[in-house]
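Please read the structure below before turning to the comments.
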Amino acid sequence: MNASYVRTKKIVHHRGFTLLELLVVIVIIGLLASYVGPKYFTQLGKSEVTVAKAQIEAFEKSLDNFRLDIGRYPSSEEGLAALLAAPAGLHFKWNGPYLKKAVPNDPWGHTYFYRSPGSKSEFDITSMGRDGHLGGGGEDADISN
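Here it is in structure tokens:
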């Protein structure tokens, strides 16, 4: 035979992942996600509670400024809206607005509950928590000043 006519076979091995190897990797990723996922969502809930506490503190400071100008805290009927617009009959003393923006909802989308006089102090500001109802525990617990 002539050397120019001799064909050589090249054996090419295509190496890939077997189904078993892919299943093992998917199980490992699932185990990691089941471990990390709950910790992530717990931190998310804690951050919402922190935001609610910070908003309540900002309301307290604004209410204190209102009291310095007017001589009293807004009544329950006037509510937190008195920080944005002067209540009837107080235009001459009112030196607001005491908030830069409209009164926000709590991190769960519920309105803050304001009462004056309060049960614990001169006024109460309360977020009803994630469930939007009085009472509860964990993320559903009420947050107040």
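If you're matching positions, the sequence shown starts at 79 in the numbering used here and goes up one per residue. All residues carry an ideal CB built from backbone N, CA and C; glycine is no exception.
{"query": "Does Thr-128 come out as helix, strand or coil in the three-state DSSP assignment?", "result": "helix"}
{"query": "Straight-line CA distance for His-169 to Gly-214?", "result": "40 Å"}
{"query": "Which same chain residues, not among the five before or five after Pro-152, have their C-beta less than 6 Å away from its C-beta?", "result": "Ala-160"}
{"query": "Out of Gly-196, Asn-143, Glu-155, which one is the CA nearest neighbour of Trp-172?", "result": "Asn-143"}
{"query": "With the cut-off set at 8 Å, would you say Ser-140 and Ser-194 are in Cβ contact?", "result": "no"}
{"query": "From the DSSP output, read off the bridge partner residues of Asp-202.", "result": "Arg-193"}
{"query": "Which whole-angstrom value describes the C-beta separation of Val-129 and Pro-185, a residue pair presumed to lie in contact below a C-beta threshold of 8 Å?", "result": "5 Å"}
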